[in-house]
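Worksheet: the structure to be examined is printed underneath.
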Amino acid sequence: MVDTKLIRMWLAGATLAGAGCDWRQLDKAVADAPVLSVRSPDGYKGGDFGRVMLPLPAPKGTAIAARYLVAATNGGGALAVVDMDAAGAVTTHVAPVAALAEFIDFKNPVKSAALLEDGRILLGLPNVGVTELKPPRGRVVYLSLTQNGTGVEFTLQKGSEPADESKVRYGLAVATGKISGGDADDYVVAAENDVALVEDGMGIRPIYTDPKCEMVALPDNTILGKPEGFRALVTGDFLEGGGDEIAVGVPREVQPGRVVVLTKIGMGATAALACDVEFMAPSDAGDVARFGASLAAADLDGDGKKESLLVGSPPERAYLYKGPFKAGAMVKPTLVLNLPGSSPGGATGEFGQRVAFADIDGKPGQEILVSASQLAVNQKRFAGQVHVFAADDGRPLTKVNDNSPEADTLFGFSVGELKFMAPACPSGAAAKEQRLLLVGSKSEVFTYFRLPGVPVVDPRCFALKK
Amino acid sequence: MNRLVVASVVGTCLASTILGQGIARAQDSQQDAILQSAKTDFEDGQILFIKEQFDAAAAKFLGAFDKKPFGAFLFNAAVSFEKAKKLERAIQYFEQYIDRDPEARDAKDVRARVDHLKNMLTNGQTQQKTVLPAIATKGLVIIDSKPQGASIYLDDKTGGVFAKTPWQGSLEPHEVKLLIEAKGFKPDERTISPRTDKVYEVYIALSEEHFLGWIEVAASVAGADVYLDDKAKGTIGKTPFSGHVKPGKHKLWVERPGYQIATRDIEVQPGTANTYNVPLQKVDNGWVTVVGKHSKGGKLKIDGAEVCATPCQHMALPGKHKVEVARPDSEPYRGELDIEKSTETSLNVTFNPKPPRSTAWTSAVISAVFVGAGTYMGLQSSKVRSGLKNDIKNGLPIDSNDPRVARGKLWAYGADAAFALGTVTGLLAVWSFLSSGPESTADIDSRAIGLAPLPDGRGGGLFAQGRF
Chain U
42 MVDTKLIRMW LAGATLAGAG CDWRQLDKAV ADAPVLSVRS PDGYKGGDFG
92 RVMLPLPAPK GTAIAARYLV AATNGGGALA VVDMDAAGAV TTHVAPVAAL
142 AEFIDFKNPV KSAALLEDGR ILLGLPNVGV TELKPPRGRV VYLSLTQNGT
192 GVEFTLQKGS EPADESKVRY GLAVATGKIS GGDADDYVVA AENDVALVED
242 GMGIRPIYTD PKCEMVALPD NTILGKPEGF RALVTGDFLE GGGDEIAVGV
292 PREVQPGRVV VLTKIGMGAT AALACDVEFM APSDAGDVAR FGASLAAADL
342 DGDGKKESLL VGSPPERAYL YKGPFKAGAM VKPTLVLNLP GSSPGGATGE
392 FGQRVAFADI DGKPGQEILV SASQLAVNQK RFAGQVHVFA ADDGRPLTKV
442 NDNSPEADTL FGFSVGELKF MAPACPSGAA AKEQRLLLVG SKSEVFTYFR
492 LPGVPVVDPR CFALKK
Chain X
27 MNRLVVASVV GTCLASTILG QGIARAQDSQ QDAILQSAKT DFEDGQILFI
77 KEQFDAAAAK FLGAFDKKPF GAFLFNAAVS FEKAKKLERA IQYFEQYIDR
127 DPEARDAKDV RARVDHLKNM LTNGQTQQKT VLPAIATKGL VIIDSKPQGA
177 SIYLDDKTGG VFAKTPWQGS LEPHEVKLLI EAKGFKPDER TISPRTDKVY
227 EVYIALSEEH FLGWIEVAAS VAGADVYLDD KAKGTIGKTP FSGHVKPGKH
277 KLWVERPGYQ IATRDIEVQP GTANTYNVPL QKVDNGWVTV VGKHSKGGKL
327 KIDGAEVCAT PCQHMALPGK HKVEVARPDS EPYRGELDIE KSTETSLNVT
377 FNPKPPRSTA WTSAVISAVF VGAGTYMGLQ SSKVRSGLKN DIKNGLPIDS
427 NDPRVARGKL WAYGADAAFA LGTVTGLLAV WSFLSSGPES TADIDSRAIG
477 LAPLPDGRGG GLFAQGRF
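Here the protein sequences come in this chain order: U and X. Just so we're aligned: the first sequence equals residues 42 to 507 in this note's numbering. Just so we're aligned: the second sequence equals residues 27 to 494 in this note's numbering.
Here it is in structure tokens:
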């Protein structure tokens with residue numbers, strides 16, 4: 042009598058073993074993974090891939106559903122654009138070295154980026170001009186992306202430079218907004234010891250802050266013992282009055298950090314940035330020296346203007362200030378956000394290092410993103426984590442981290458919102474616009490099509506077909 | 027008167043009878059005296075020969091010959107003359123010796139000696155050198171019987187009839203048993219120890235035998251073994267065979283290699299002589315024989331059937347046969363033989379060793395290890411894949427670059443590599459198992475079964491024996 046059970050077991054084992062030989066099955070297995078991870082492709086010479094990350098609008102008339110920019114910050118001098126199609130398949134366009142040669146190289150990496158209304162991208166290069174005798178002065182350049190079939194052409198143009206040698210590391214942060222009230226976007230550039238407004242529509246002429254504003258900050262925002270050279274800078278209509286203001290984080294080493302709201306005053310040669318409003322951490326807070334290390338602005342009241350300000354105060358907190366604010370008034374935080382589940386004196390992993398607003402829960406209204414990129418996860422040191430809070434009451438909605446965390450990967454070093462809109466699905470399913478959570482780590486960028494514990498519809502076509 | 031006549035006639039008859047018997051006895055007595063005188067001369071001659079008085083010894087031997095013309099006396103006289111350096115006379119008596127008994131078993135040697143002696147005379151060499159073999163006088167054995175014409179056998183009857191009585195000649199100087207048989211008489215035997223310096227007389231008077239039967243068995247081929255009633259007891263002799271047999275029914279076998287066994291049921295009547303001619307037919311088959319010490323431990327297969335363990339012989343029908351001689355550690359010999367009737371085909375196989383299987387086993391083990399490792403790694407890869415799919419299905423935030431993907435791929439690569447290596451080494455193992463060394467070869471010798479003369483070593487005559 043033949044032992045059919047034994048034969049069946051053998052056949053099952055052989056089938057499994059045979060299937061296990063096809064490595065492509067592994068790619069198929071994760072093709073519909075809820076999280077898309079993108080790493081640096083061939084030709085990307087940068088040492089990191091997720092520290093400077095700028096969501097971009099998908100170019101019209103193409104199959105691209107989402108796009109973002111990444112830049113190497115630590116000397117790699119690399120720049121790339123990541124495109125995603127309706128199925129979530131990724132194409133990464135690496136800027137050719139020849140296109141970057143005049144402005145960006147391993148000595149002059151990109152430290153900040155912002156999008157102008159006309160589609161140009163501002164890139165802050167704070168290390169430009171560094172010599173043995175002088176500190177770097179810095180520079181801002183324009184990047185234009187041209188769609189060429191399925192490819193992307195990178196074009197760089199000279200932007201602004203500091204007017205004198207007193208401005209150090211110009212380009213640590215950049216932000217765009219209608220500061221001067223004109224039609225065209227202006228942009229703001231933060232240096233180590235100053236902030237300048239460039240009225241782009243008026244020609245390149247930086248307007249600096251009033252020296253009384255004391256804009257000298259802890260510039261390097263040191264991470265893992267290495268100066269990273271970031272500084273917080275956002276624009277928004279924080280003060281009632283129509284035009285945008287500039288919010289600048291001024292973290293310090295010992296003294297309590299501040300957030301200063303700057304307003305353009307004067308015209309022509311007398312124009313300056315005045316510090317009308319100042320945000321301070323509550324007096325009962327603990328370590329508040331780095332209050333203002335990160336900033337975000339959002340429209341929480343639905344009037345189309347970004348009136349509210351989110352302030353990161355690593356290593357323990359983040360604060361939501363709902364605007365608009367009145368000049369000279371004492372401002373108190375609307376919400377104080379702590380690392381969920383943390384105990385007093387416990388590790389908080391630089392909670393508040395990065396903050397952002399994003400509408401990612403599938404419901405109207407913004408959510409608050411706060412990262413703790415140096416939090417240990419699964420006993421992995423500095424693995425990092427990002428927490429999502431409801432903006433109305435600050436309740437924790439969910440948290441994300443690398444599902445297979447590794448030490449020192451700094452998940453959450455950058456956070457943002459990515460707009461995903463499939464142009465058309467082959468199945469004919471109705472495409473749905475979705476805002477996705479975008480998280481950068483040391484060398485990887487994660488796009489969350491689904492969020493743990495949050496009922497979000499996966500906008501990819503194969504998911505819609507289902 | 028009548029009484030006187032009758033008494034006279036009877037007396038005359040009795041006297042005549044007694045006289046006749048007395049004359050015969052007188053003649054026999056005279057013959058015995060002559061033989062005794064000849065023996066005396068012979069023995070005197072031997073003594074003189076030992077004393078190296080060769081001339082006198084030769085005279086004594088010739089004197090004995092004059093009384094009894096036995097060839098041995100002439101031979102001894104010739105030897106004595108040769109020792110006395112009288113080569114011409116030595117030649118003379120050697121030649122007389124050969125003339126009298128040309129079939130003597132030493133006739134060839136004597137002729138050669140005569141030729142040599144003649145050469146010595148021709149070349150003027152009178153000094154005997156060592157070129158001639160040593161020579162000595164010989165003794166004499168005289169065998170007689172009553173009745174005369176009886177068959178003489180030496181030791182037993184397997185060697186056939188040695189001679190018929192009366193016989194005189196020389197025998198080797200060691201103990202020998204004489205069997206004397208005559209048709210219608212009871213056989214007799216006598217053990218003697220012949221000497222070179224004596225005349226040995228043997229006279230056997232056979233008594234009539236009437237309660238036995240006499241058989242003579244002849245076959246179409248001489249030298250066939252004759253068995254009677256029970257083959258397990260061994261042969262009673264060889265053809266042509268004759269001898270007494272108990273009266274009654276008997277079974278007779280006549281065998282000779284190369285011939286079919288012939289049987290005959292016979293009935294022997296007491297006091298009768300029976301002659302049986304048994305024709306022997308050549309056997310219809312041939313033989314295949316595997317010889318050689320290297321063939322030990324092997325098997326002989328004929329037409330695919332194992333027939334015997336080598337070295338061995340096996341009967342086969344005439345015709346073409348496929349033959350294989352295999353030994354465990356060697357490549358087999360394979361060939362086709364054309365077997366002929368009554369022919370033995372001998373195979374002396376030179377075995378070529380089989381190539382070692384260590385490589386094959388090593389490859390097989392390595393292949394098994396690779397396949398096992400491949401299976402393990404394939405299962406691990408499948409396990410990783412299943413884990414990923416399950417995690418995604420369960421809503422876990424798995425990302426597309428989950429490290430398990432790389433790990434699963436490594437398992438898959440490893441499985442593929444292991445299976446590939448396992449396949450290669452497996453094929454190598456199969457090839458090694460199936461590979462063979464050069465085939466073994468064989469020296470083939472075919473010959474018909476026949477007779478070959480073999481020296482008996484016990485006297486004159488021809489001994490025939492079948493041999494493969």
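The beta-carbon is built from N, C-alpha and C at its ideal position, and this holds for glycine as well.
Outcome for residue 376/X when other beta-carbon atoms lying within 10 angstroms are tallied against a minimum of 16 = Counting from one through the second sequence, the residue named residue 376/X turns up at place 350. Residue 376/X is exposed by the Cβ-count criterion.
task = Tell me the start and end of each unbroken alpha helix (DSSP H) in the stretch 375 to 400 of chain X that is at least 4 residues and wholly inside, in chain order.
result = Listed in chain order, nothing qualifies, since the stretch 375 to 400 of chain X has no complete alpha helix (DSSP H) run of 4 or more residues.
Contact set for residue 410/X: own chain, Cβ-Cβ below 7 Å, skip 5 residues either direction = If you number the second sequence from 1, residue 410/X lands on position 384. Result list for residue 410/X: 430, 433, 434 and 437, in chain order.
inquiry  = What ranges does the beta strand (DSSP E) occupy inside the stretch 248 to 300 of chain X, keeping only unbroken runs of at least 3 residues that lie completely in it?
reply    = 251 to 254, 267 to 271, 274 to 281 and 288 to 294
key: Distance between residue 255/U and residue 207/U (C-alpha atoms, nearest Å)   = Counted from its first residue, the first sequence places residue 207/U at position 166. Counted from its first residue, the first sequence places residue 255/U at position 214. Between residue 207/U and residue 255/U, the C-alpha separation is close to 14 Å.
key: Residue-level contact to chain U via CB, residue 426/X, 8 Å cutoff   = Reading the second sequence from its first residue, position 400 is the one you call residue 426/X. With 8 Å as the cut-off, residue 426/X counts as an interface residue toward chain U.
message = Let's see if you can read the secondary structure: which residues bound the beta strand (DSSP E) around residue 194/U?
response = Stepping through the first sequence from its first residue, residue 194/U is reached at position 153. 192 to 199 is the extent of the beta strand (DSSP E) around residue 194/U.
ask   = When the Cα atoms are used, what is the spatial distance from residue 290/U to residue 271/U?
value = In the first sequence, counting from the first residue as 1, residue 290/U sits at position 249. In the first sequence, counting from the first residue as 1, residue 271/U sits at position 230. Roughly 11 Å between the two C-alpha positions.
key: the stretch 138 to 152 of chain X / the stretch 107 to 119 of chain X touching (three or more Cβ pairs under 8 Å)   = Segments in contact, yes.
key: Neighbour-count burial assignment, residue 73/X, 16 or more Cβ in a 10 Å radius   = Working through the second sequence from its first residue, we reach residue 73/X at position 47. Label assigned to residue 73/X: exposed.
task = Mind listing, in chain order, the continuous alpha helix (DSSP H) runs of no fewer than 4 residues lying wholly within the stretch 303 to 360 of chain U?
result = Positions of the alpha helix (DSSP H) runs, each at least 4 residues long and wholly inside the stretch 303 to 360 of chain U, cannot be given because no such run exists.
inquiry  = For a contact defined as C-beta to C-beta under 9 Å, what are the partners of residue 394/U on chain X?
reply    = The count along the first sequence starts at 1 and reaches residue 394/U at position 353. Under the 9 Å cutoff, chain X gives no residues; its nearest Cβ is about 21 Å from residue 394/U.
key: For residue 394/U, the nearest candidate out of 71/U, 475/U, 338/U and 454/U (CA to CA)   = Numbered from 1 along the first sequence, position 353 holds the residue referred to as residue 394/U. Residue 454/U is the option with its Cα nearest to residue 394/U.
task = Check residue 365/X in the structure and name its three-state DSSP category.
result = Position 339 of the second sequence, counted from the start, is the residue given in the question as residue 365/X. Three-state DSSP puts residue 365/X in a strand.
task = Could you confirm whether any beta carbon from chain X is found closer than 8 Å to the beta carbon of residue 444/U?
result = As a working note, residue 444/U is residue 403 in the first sequence. So yes, residue 444/U belongs to the interface.
message = According to DSSP, simplified to helix, strand and coil, what is residue 348/X?
response = By one-based count along the second sequence, residue 348/X stands at place 322. It is a strand residue.
message = Under 9 Å, CB to CB, which of the residues in the stretch 330 to 357 of chain X have a partner in chain U?
response = Per Cβ criterion, the list is empty.
ask   = Considering residue 465/X, what are the terminal residues of the alpha helix (DSSP H) in which it resides?
value = Taking the first residue of the second sequence as position 1, residue 465/X is located at position 439. Careful: residue 465/X lies outside any alpha helix (DSSP H) and carries neither H nor E.
message = Quick check: the Cα distance between residue 118/U and residue 136/U, rounded to an integer number of angstroms?
response = Taking the first residue of the first sequence as 1, we reach residue 118/U at position 77. Taking the first residue of the first sequence as 1, we reach residue 136/U at position 95. Rounded to the nearest angstrom, the two C-alpha atoms are 10 Å apart.
task = Quick one: give me the first and last residue of the alpha helix (DSSP H) that residue 177/X is part of.
result = Counted from its first residue, the second sequence places residue 177/X at position 151. Careful: residue 177/X lies outside any alpha helix (DSSP H), inside the beta strand (DSSP E) at 177 to 180.
Contacts around residue 115/U, its chain only, beta-carbon distance under 6 Å, and the 5 residues preceding and following it disregarded = What you label residue 115/U is simply residue 74 of the first sequence in a count that begins at 1. Correct list, in chain order: 88 and 89.
task = May I have the straight-line CA-CA distance separating residue 194/X from residue 70/X, to the nearest angstrom?
result = Translated into the one-based positions of the second sequence, residue 194/X becomes position 168. Translated into the one-based positions of the second sequence, residue 70/X becomes position 44. Going from the Cα of residue 194/X to the Cα of residue 70/X covers about 20 Å.
ask   = Any idea if residue 125/U is buried or exposed, counting beta-carbon neighbours within 10 angstroms, 16 or more meaning buried?
value = The residue you call residue 125/U lines up with position 84 of the first sequence. Per the 10 Å Cβ criterion, buried.
Simplified DSSP state of residue 193/X, which is helix, strand or coil = Working through the second sequence from its first residue, we reach residue 193/X at position 167. Here residue 193/X sits in strand by DSSP.
request  = Please classify residue 437/X: does DSSP put it in a helix, a strand, or coil?
outcome  = Position 411 of the second sequence holds residue 437/X. In this structure, residue 437/X counts as helix in the three-state DSSP scheme.
task = With DSSP collapsed to three states, give me the class of residue 426/U.
result = Residue mapping note: residue 426/U aligns to position 385 of the first sequence, counting from 1. If DSSP states are grouped into helix, strand and coil, residue 426/U belongs with the strands.
query = What separation, rounded to the nearest whole angstrom, lies between the Cα atoms of residue 371/X and residue 470/X?
reply = The residue labelled residue 371/X in the question sits at position 345 within the second sequence. The residue labelled residue 470/X in the question sits at position 444 within the second sequence. Between residue 371/X and residue 470/X, the C-alpha separation is close to 7 Å.
query = Which residues, in order along the stretch 467 to 495 of chain U, keep a beta-carbon less than 8 Å from a beta-carbon of chain X?
reply = 485, 487, 489, 491, 492 and 493
query = Ordered along the chain, which non-local residues of its own chain (more than five positions away) have a Cβ less than 6 Å from that of residue 315/X?
reply = The count along the second sequence starts at 1 and reaches residue 315/X at position 289. Within the same chain, residue 315/X has close Cβ partners 339, 370 and 372.
Contacts of residue 64/U in chain X (Cβ-Cβ under 7 Å) = Here residue 64/U refers to the residue found at position 23 of the first sequence. By Cβ distance, chain X contributes 435, 438 and 439.
request  = Figure out for me which residue from 50/U, 158/U, 113/U and 406/U has the closest Cα to the Cα of residue 150/U.
outcome  = For the purposes of this step, residue 150/U is taken as the residue at position 109 of the first sequence. Cα-wise, what sits closest to residue 150/U is 113/U.
ask   = In terms of residues, what are the limits of the alpha helix (DSSP H) holding residue 106/X?
value = As a first step, residue 106/X must be located in the second sequence, where it is residue number 80. Looking at the DSSP string, the run of the alpha helix (DSSP H) that includes residue 106/X is 97 to 109.
task = Leaving aside the five residues before and after residue 299/X along the sequence, list all residues of the same chain whose C-beta is less than 8 Å from its C-beta, in chain order.
result = The residue labelled residue 299/X in the question sits at position 273 within the second sequence. If we look at residue 299/X and ignore the five residues flanking it on each side, its Cβ neighbours are 209, 210, 239, 240, 241 and 242.
key: residue 401/X to residue 343/X span [Cα, whole Å]   = Stepping through the second sequence from its first residue, residue 401/X is reached at position 375. Stepping through the second sequence from its first residue, residue 343/X is reached at position 317. Answer to the nearest angstrom: the Cα atoms are 57 Å apart.
query = Between which two residues does the beta strand (DSSP E) harbouring residue 392/U extend?
reply = As a working note, residue 392/U is residue 351 in the first sequence. From DSSP, the beta strand (DSSP E) with residue 392/U extends over 392 to 399.
message = For residue 211/U, list the residues DSSP reports as bridge partners.
response = Sequence index remark: in the first sequence, residue 211/U carries index 170 (1-based). 179/U, per the DSSP bridge assignment.
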